[in-house]
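A quick write-up on the structure given underneath.
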Amino acid sequence: IDSIEDGLDENDWEGWKVLTDRLGARIQLVGDDIFVTNKTFLQKGIDEGVANAILVKVNQIGTLTETLETIALAKKHNYHTVISHRSGETEDTFIADLAVATQAGQIKTGSLSRSDRVAKYNRLLTIYTQTT
2 IDSIEDGLDE
12 NDWEGWKVLT
22 DRLGARIQLV
32 GDDIFVTNKT
42 FLQKGIDEGV
52 ANAILVKVNQ
62 IGTLTETLET
72 IALAKKHNYH
82 TVISHRSGET
92 EDTFIADLAV
102 ATQAGQIKTG
112 SLSRSDRVAK
122 YNRLLTIYTQ
132 TT
């Protein structure tokens, strides 16, 4: 196991701390529901030693500015960032550009089983060919 997303309930900050203390040095512990792409919740997690990565959903917090601020805070404190799609996705490929632009290193967009997902992977390939 390399990564666990939402290993505990979003309200179990104490449990998340224990999980992070026990596994955080060896496994990526991704907070989605506990952080909800919100820099205030992320700061609380940083202060309390909770998780070591954040799942970033652009339309979850409300604005691109808030999303970028949350990513910057995560990076400042050595939290990994995973740029993610949402349920009910479209073929818009913006999250691929965001993942590359912020050097997230990881994107969560699902398997190559639907056109909305394939579009994002194709965009990543296009970016790669244009930059290498």
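For the sequence shown, counting from 1, position 100 maps to 101 in our numbering; every step adds exactly one.
From the three backbone atoms N, C-alpha and C, an ideal C-beta is built for every residue, glycine too.
What's the C-alpha gap between residue i and residue j?
i, j, result
"Asp3", "Val59", "24 Å"
"Thr130", "Leu30", "31 Å"
"Ala52", "Ala73", "16 Å"
"Ile35", "Ala102", "25 Å"
"Thr133", "Leu126", "11 Å"
"Gln11", "Gly89", "Reading the sequence as shown, one finds Glu at residue 11 and not Gln. Cα to Cα, the separation comes out at about 22 Å."
"Leu43", "Ser114", "32 Å"
Beta carbon of residue i, beta carbon of residue j: below 7 Å?
i, j, result
"Ile47", "His81", "no"
"Val57", "Ile84", "yes"
"Arg124", "Ala105", "no"
"Glu92", "Ser112", "no"
"Leu20", "Gly8", "yes"
"Glu70", "Lys40", "yes"
Which residues bound the beta strand (DSSP E) around residue i?
i, result
"Ser85", "81-85"
"Glu6", "4-6"
"Gly106", "106-109"
Could you check where the alpha helix (DSSP H) with residue i kicks off and where it finishes?
i, result
"Ile55", "Here Ile55 belongs to no alpha helix (DSSP H); instead the beta strand (DSSP E) covers 54-57."
"Asp98", "95-102"
Check residue i in the structure and name its three-state DSSP category.
i, result
"Gly46", "helix"
"Ser88", "coil"
"Val31", "strand"
"Glu67", "helix"
"Ser112", "coil"
Please work out which residues of its chain come closer than 6 Å, Cβ to Cβ, to residue i, disregarding the five sequence neighbours upstream and downstream, and give them in chain order.
i, result
"Ile128", "Val101"
"Gly25", "Asn53"
Excluding five sequence neighbours on each side, which residues of the same chain lie with their C-beta closer than 7 Å to the C-beta of residue i?
i, result
"Lys18", "Glu49, Gly50, Val51"
"Trp14", "Glu49, Val51"
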